[in-house]
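Protein chains in written order, with the working numbering: chain A, -13 to 97; chain B, 12 to 126.
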Amino acid sequence: ELKVEQNPLFLSMQEGKNYTIYCNYSTTSDRLYWYRQDPGKSLESLFVLLSNGAVKQEGRLMASLDTKARLSTLHITAAVHDLSATYFCAVEETSGSRLTFGEGTQLTVNP
Amino acid sequence: GAVVSQHPSWVICKSGTSVKIECRSLDFQATTMFWYRQFPKQSLMLMATSNEGSKATYEQGVEKDKFLINHASLTLSTLTVTSAHPEDSSFYICSALDDANSPLHFGNGTRLTVT
């Protein structure tokens, strides 16, 4: 059974600071996704990582994937309040199959 | 971009009644749709995989007779919560697969409250 673990689960940080959220998974996969969820809302797709060594950046967020270590990171640079949300990583075992989600990281960026 | 529409956005029903939630892919055909459930402050848990023209595949612990899934067309899947109870109150989110190399497209979710 595929297990996906995120760390930390809760993160409170000040504006302007940097931090990294980690996502570990238990079985071989080279398809990993990052989503953002605002309170009461559905999921917003942030990044799709489809191969070992993939790195993608959008604004203050950068995601990477190391399939050998079974690890993905979501790095936040110079955080701003608007980034406050819950971030989920999700792993797809095979192409077109279901996603297994991590527990989510609730990020609060304080002024 | 690909859009998945979910309806209704929220519903309040009495215990013992049934509720139907619709998930439509608006600008693409989806042979596969997924139904997730999310309790407050928790992650998304897959309930079932819905395949057009065939029976849904349910995850372990999900009662197929309670959560009826119908995927009668390439653009519509429905989830019916039968004989709903307060413990079924949750946020239900559907997603649809456009092509194998794209991320899943998620609906806006349906918040179900059973009183």
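Virtual Cβ for every residue (Gly too), placed ideally from N, Cα, C.
This structure is a prediction, so every number in the text was calculated from the model and none was measured.
Inset, instruction - List the residues of chain A whose Cβ lies closer than 8 Å to the Cβ of proline 114/B, in chain order. - result: Sequence index remark: in the second sequence, residue 114/B carries index 103 (1-based). What proline 114/B touches in chain A: Tyr19, Ser31 and Val34.
Inset, instruction - Measure the alpha-carbon distance for serine 88/B versus serine 54/B and round it to whole angstroms. - result: Within the second sequence, numbered from 1, the residue matching residue 88/B stands at position 77. Within the second sequence, numbered from 1, the residue matching residue 54/B stands at position 43. Their Cα atoms are separated by approximately 22 Å.
Inset, instruction - Under 6 Å Cβ to Cβ from lysine 3/A, same chain only, skipping five residues before and after it: list those, please. - result: Here residue 3/A refers to the residue found at position 17 of the first sequence. Excluding sequence neighbours, lysine 3/A sits near Ala65.
Inset, instruction - Count the other C-beta atoms from every protein chain shown that fall within 10 angstroms of the C-beta of phenylalanine 33/A, then say buried if there are 16 or more, exposed otherwise. - result: Within the first sequence, the letter at position 47 stands for residue 33/A. By the neighbour-count rule (16 or more Cβ atoms within 10 Å), phenylalanine 33/A is buried.
Inset, instruction - Compare the beta carbon distance of glutamine 0/A and tyrosine 73/A with 9 Å and say whether it is the shorter of the two. - result: Within the first sequence, the letter at position 14 stands for residue 0/A. Within the first sequence, the letter at position 87 stands for residue 73/A. Contact flag unset, no.
Legend entry - 7 Å CB neighbourhood of aspartate 16/A in its chain, flanking five on each side removed: One-based indexing of the first sequence puts residue 16/A at position 30. Excluding sequence neighbours, aspartate 16/A sits near Leu36, Ser37, Asn38 and Thr53.
Inset, instruction - Over the uninterrupted beta strand (DSSP E) stretch that includes valine 15/B, give me the two end residues. - result: Residue numbering aside, residue 15/B sits at position 4 when the second sequence is read from its first letter. Segment 15 to 18, the beta strand (DSSP E) holding valine 15/B.
Legend entry - Cβ-Cβ distance between leucine 7/B and serine 106/B below 9 Å: Here chain B comprises residues numbered 12 to 126, so residue 7/B is not present and cannot be evaluated.
Inset, instruction - Classify phenylalanine 78/B as buried or exposed, calling it buried when 16 or more other Cβ atoms lie within 10 Å of its own Cβ. - result: Here residue 78/B refers to the residue found at position 67 of the second sequence. Label assigned to phenylalanine 78/B: buried.
Legend entry - Contacting residues, own chain, Cβ-Cβ under 8 Å from glycine 90/A (five flanking each side not counted): In the first sequence, counting from the first residue as 1, residue 90/A sits at position 104. Counting only Cβ-Cβ distances below 8 Å, and skipping sequence neighbours, we find Gln(-8), Leu(-5), Gln23, Thr72, Tyr73 and Phe74.
Legend entry - Short CB-CB distance (under 9 Å) between glycine 26/A and chain B: Looking up residue 26/A in the first sequence gives position 40. Yes, contact with chain B.
Inset, instruction - Report the rounded CA-to-CA distance for methionine 56/B versus glutamine 49/B, giving the unit in angstroms. - result: As a working note, residue 56/B is residue 45 in the second sequence. As a working note, residue 49/B is residue 38 in the second sequence. So the two alpha carbons sit approximately 6 Å from each other.
Legend entry - Beta-ladder partner(s) of lysine 42/A, from DSSP: As a position in the first sequence, residue 42/A is number 56, starting the count at 1. DSSP output for lysine 42/A lists Ala49/A as bridge partner(s).
Inset, instruction - Check glutamate 63/B in the structure and name its three-state DSSP category. - result: Locating residue 63/B in the second sequence gives position 52, where the first residue counts as 1. Three-state DSSP puts glutamate 63/B in coil, outside helix and strand.
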